[in-house]
Amino acid sequence: MDKKIFSKKIIAWYEENKRSLPWRQTRDPYKIWLSEVILQQTRIAQGLPYYISFVESFPTVKSLARAPEDKVLRLWQGLGYYSRARNLHACAKKIDKEYDGKFPDSFEELKTLPGIGDYTAAAIASIACQIPVAVVDGNVFRVLARVFGIEEEITSNKGKTVFKAKANSLIPTDQPDVFNQAMMEFGALHCTPKNPKCQSCIFTKDCVANKHEMQSMLPVKASKQKVKKRHLNYIVIKQKGKLLMRKRGNGDIWNGLYDFLLIETKKPVKASGLRKQEKEINLTLGTTVMHYKHVLSHQQLIIQFIAATIPTDQLKALIKKEGLTFYSKKEVEKLPKPIVINRFLKESEFLN
Ligand code: SF4
5 MDKKIFSKKI IAWYEENKRS LPWRQTRDPY KIWLSEVILQ QTRIAQGLPY YISFVESFPT
65 VKSLARAPED KVLRLWQGLG YYSRARNLHA CAKKIDKEYD GKFPDSFEEL KTLPGIGDYT
125 AAAIASIACQ IPVAVVDGNV FRVLARVFGI EEEITSNKGK TVFKAKANSL IPTDQPDVFN
185 QAMMEFGALH CTPKNPKCQS CIFTKDCVAN KHEMQSMLPV KASKQKVKKR HLNYIVIKQK
245 GKLLMRKRGN GDIWNGLYDF LLIETKKPVK ASGLRKQEKE INLTLGTTVM HYKHVLSHQQ
305 LIIQFIAATI PTDQLKALIK KEGLTFYSKK EVEKLPKPIV INRFLKESEF LN
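Just so you know, we're using our numbering here: the sequence shown kicks off at 5 and counts up by one.
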């Protein structure tokens, strides 16, 4: 299909079918960036309230840069993939410090900022600065693979190069912003992963997948990564109405968030099965208070919360060894926490 016809058709479809979303009413690179980071791996309905509260709490990139990390993580709580929030903060700080609060206006320079890869840089460059560089996300992969019958595997290096080149060959120089948004919206609403609306499609006649009934085979994806099971046993210690918690350090999924004393085991164990650790720490474990299953992208967490007590003379040593602190109810509520910890606190009596 001729590239001009393709872009004209998809832009016309977009003008008629696009959803009205707050980040579509602006050319402010800060807000466009914010929306793109929040919406990565997140549905619009889930991400929208987060976008609104971020814009309200931090109306400018400078205000975000100068906020304490705990406040940023607390606002992000529930969205998952917390490295995105930490990168968001690091990026804002860099823009504040090195660019005086103004986003750079070139695709290449945008890519040097923390957490900004090809996808986000292309979105900011095209929407805020009208630079004709194509955005390639999951929706765009799907539309291109199906319409043009591209069978390269989408996560391979070759695949990425082929799809990027195709998208960049189609983008019109006069409307790069509208084209990019049209591609993503078309994939999200019309050429959906399951049950694409082929009968009423603007590409019915030309679409390779439709002609050869290959919709379910395209795009080609590598087989899924194996999900790792982890068994987390949280020991909850409460004294004088305060809870013993700690900030998680580097190298784990919840870096920077607050949780309890943790004993990770290879297999599921009952509270009574944690004898060895119990002896080492001098804990008196109660029974399990709550059980949860928490599914992340590549990990399945089997979590139990166990109430425990510890003799006063042992407490100091434990606090020092494990980097724990007692927090009051008010303080706990303000701390950024993994969603499963938040859920436990809401559903158990521990904060009352
Ligand atoms: S015809 Fe079907 S598969 Fe092809 S672009 Fe349209 S909705 Fe997608």
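C-beta: ideal position from N, C-alpha, C; glycine also.
Between the beta-carbon of residue i and the beta-carbon of residue j, is there less than 8 Å?
i	j	result
Arg150	Gln219	yes
Gln81	Lys341	yes
Ala186	Trp27	no
Val224	Ile158	yes
Ile15	Gln179	yes
Met294	Glu353	no
Gly191	Arg146	yes
Cys133	Asp109	yes
Met188	Val231	no
Leu114	Ala129	yes
Ile257	Thr313	no
Gly245	Lys338	no
Ile206	Ile310	no
Val336	Leu247	yes
Leu289	Leu278	yes
Tyr54	Phe107	no
Glu156	Val144	no
Lys66	Asp100	yes
Lys97	Leu117	no
Gly51	Leu43	yes
Leu193	Asn21	yes
Buried or exposed: residue i, going by 16 or more other Cβ atoms within 10 Å of its Cβ?
i	result
His302	exposed
Lys170	buried
Asp263	buried
Gly163	buried
Thr124	buried
Ala127	buried
Ser276	exposed
Ser24	exposed
Ala69	buried
Ser160	exposed
Pro200	buried
Asn184	buried
Ser227	exposed
Output needed for residue i: all residues of its chain with C-beta closer than 7 Å, excluding positions within five of it in sequence on either side, in chain order.
i	result
Phe10	Leu174
Gln45	Tyr85
Leu79	Ser57, Phe58 and Ser61
Gln318	Asn286
Asp141	Tyr123 and Met188
Phe152	Lys170 and Val212
Gln243	Phe330
Phe111	Ala125, Ala126, Ala129, Ile135 and Val137
Leu261	Leu77, Tyr86, Arg252, Pro340, Lys341 and Pro342
Ala71	Phe62
Leaving out five residues on either side along the sequence, give the residues of the same chain with a beta carbon under 6 Å from the beta carbon of residue i.
i	result
Asn259	Arg252
Val41	Arg88 and Leu92
Ile131	Ile36 and Asp181
Gly119	Asn91 and Cys95
Pro315	none
Asn172	Ala138
Glu19	none
Sorted by chain position, which residues of the same chain lie with C-beta nearer than 8 Å to residue i's C-beta, five sequence neighbours on each side aside?
i	result
Thr177	Pro136
Gly121	Lys115
Glu326	Arg250 and Leu265
Determine whether the Cβ of residue i lies closer than 8 Å to any Cβ atom of chain B.
i	result
Phe111	Of the chains in the structure shown, none is chain B; there is only one protein chain.
Should the stretch 229-246 be regarded as contacting the stretch 302-317, the criterion being three or more beta carbon pairs within less than 8 Å?
yes
Completely contained alpha helix (DSSP H) runs for the stretch 71-155, where each covers 4 or more residues
73-80, 86-102, 111-114, 122-133 and 142-152
Counting only runs that start and end within the stretch 250-275, where is the beta strand (DSSP E) found for 3 or more residues in a row?
265-269
Going along the chain, which unbroken runs of the alpha helix (DSSP H) with 4 or more residues stay wholly within the stretch 278-333?
279-285 and 316-326
Would you check if the stretch 257-276 and the stretch 206-223 touch, i.e. whether three or more CB-CB distances between them fall below 8 Å?
no
Could you pull out every unbroken alpha helix (DSSP H) segment of at least 4 residues lying fully inside the stretch 200-232, listed in chain order?
212-215
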